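Numbering (our numbering), first residue to last: 2 to 293. Idealized CB from N, CA, C, for every residue including glycine. Just so you know, these numbers come straight off a predicted model, no measurement behind them. Presented below is the structure to which this report refers.
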Amino acid sequence: MKKIKKRPIDYVVISDVHLGTYGCRANELLNYLKTIQPKVLILNGDIIDIWQFNKHYFPKSHMSVIKHITTLLSKGTEVYYITGNHDEMLRKFKGFQLGNFKILNKLVLNIDDNKAWVFHGDVFDVTMQHSKWLAKLGGKGYDFLIIINTCINWFSNLLGYGKLSLSKKIKNSVKSAVKFVNNFEKTASDIAIESDYDYVICGHIHQPEIKEIKTPKGKTMYLNSGDWIENLTALEYTDKKWSLYKYANDKIAKNIEKKLSKKELKSLNKEEKGNFLFEELLKEFDIQKPSK
Numbered sequence: 002m003k004k005i006k007k008r009p010i011d012y013v014v015i016s017d018v019h020l021g022t023y024g025c026r027a028n029e030l031l032n033y034l035k036t037i038q039p040k041v042l043i044l045n046g047d048i049i050d051i052w053q054f055n056k057h058y059f060p061k062s063h064m065s066v067i068k069h070i071t072t073l074l075s076k077g078t079e080v081y082y083i084t085g086n087h088d089e090m091l092r093k094f095k096g097f098q099l100g101n102f103k104i105l106n107k108l109v110l111n112i113d114d115n116k117a118w119v120f121h122g123d124v125f126d127v128t129m130q131h132s133k134w135l136a137k138l139g140g141k142g143y144d145f146l147i148i149i150n151t152c153i154n155w156f157s158n159l160l161g162y163g164k165l166s167l168s169k170k171i172k173n174s175v176k177s178a179v180k181f182v183n184n185f186e187k188t189a190s191d192i193a194i195e196s197d198y199d200y201v202i203c204g205h206i207h208q209p210e211i212k213e214i215k216t217p218k219g220k221t222m223y224l225n226s227g228d229w230i231e232n233l234t235a236l237e238y239t240d241k242k243w244s245l246y247k248y249a250n251d252k253i254a255k256n257i258e259k260k261l262s263k264k265e266l267k268s269l270n271k272e273e274k275g276n277f278l279f280e281e282l283l284k285e286f287d288i289q290k291p292s293k
């Protein structure tokens, strides 16, 4: 397979990957990660879905995403893991650091003399604040809906029709209702303006967005990285400018071959054996490495 020329990026923000669930598009995320070389990678919550974690379901592709991130670490990328509601168990490890890897609940960065406030966003969600059991139930129902949608799309493709997105329509309507009640974007932006943040960067609501929000008190740039279940989006910052990455428009990532040559497999296995950071991370969290 031809070696991919990686795009250098200053900052990359991804969120709402939900590793460990049927809806997670781990292969697509891995393809994307293979095409970039970020200086800083911000994992902005709900990366591993601990709420719905099932020890019987954690495919190789999901583990490959984690391994690739540790490979980025070994190559000098700084990785910030900001906790979300689906991986809230990691909040007890706030402040944990191993090399260039750090776990946080929120992050403040100075990016080219602009202050950026980064957090997942569930703090503004009424369903999280008052009815966590309802949010968890909704998460399981959504995961089941993804499975149904996958089956429908299989038959749809077989019959020559395009993909349907029943789950996205339902999710968007629910999230719109939640956003209407919470005024998620407005609340985040109002606080950012009050605190003199130039950027407020969130995830959680699965709605990718970049827009300037103005109020009588000032203005800020609101950014949301979307998700890796249906939108397949990320935020990228390079050449002093933010942009919204969309996997659907990335021909290079989509054309990455799935099959590797024996030489490439041997190289990857060698890299994996020498991946000190990954081994240390497993020890730190008392996780047994899966047997081959």
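Hey, would you say residue i sits closer than 7 Å to residue j, going by beta carbons?
i, j, result
"G219", "I194", "yes"
"G21", "I230", "no"
"S226", "V14", "yes"
"T188", "F125", "yes"
"L31", "S65", "yes"
"N101", "E79", "yes"
"G315", "H69", "For residue 315 there is no data in the structure shown, the boundaries of the chain being 2 and 293."
"K228", "D17", "For clarity, residue 228 is Asp in the given sequence; the question names Lys instead. Yes, the pair counts as a contact, with Cβ atoms nearer than the cut-off."
"H63", "A27", "yes"
Assuming residue i and residue j are in contact, meaning their beta carbons sit under 8 Å apart, how far apart are those beta carbons, in whole angstroms?
i, j, result
"I202", "N106", "That pair is no contact at about 14 Å."
"Y246", "T234", "6 Å"
"K241", "D113", "5 Å"
"I67", "Y82", "No, I67 and Y82 are not in contact; Cβ-Cβ is about 11 Å, not under 8 Å."
Select from the options the residue whose C-alpha is nearest the C-alpha of residue i.
i, options, result
"I51", "K212, N32, K61 and E89", "E89"
"T221", "D11, Q208, N115 and P39", "N115"
"I206", "D123, H87 and I253", "D123"
"T216", "S190, V119 and A27", "S190"
"K40", "P60, K7, H57 and K93", "K7"
"S196", "Y58, I253 and V109", "V109"
"E29", "N232, S244 and L236", "N232"
"P9", "A249, T239, I253 and D251", "T239"
"Q208", "Y198, L236, Y200 and D199", "L236"
"I43", "I214, L73 and H57", "L73"
So, helix, strand or coil for residue i, using DSSP?
i, result
"I83", "strand"
"L105", "strand"
"V18", "coil"
"I230", "coil"
"I202", "strand"
"S196", "coil"
"M129", "A caution first: M129 carries a pLDDT of 42, below 50, which makes its placement in the model unreliable, though a value can still be read off. Helix at M129."
"N256", "coil"
"K6", "coil"
"S268", "Caution is warranted here: a pLDDT of 48 is assigned to S268, below 50, making its placement in the model unreliable, and no coordinate value can be reported."
"W37", "In the sequence as displayed, the identity of residue 37 is Ile instead of Trp. Looking at I37 - three-state DSSP - the assignment turns out to be strand."
"I211", "strand"
"F94", "helix"
"T78", "coil"
"Y238", "strand"
"Y248", "helix"
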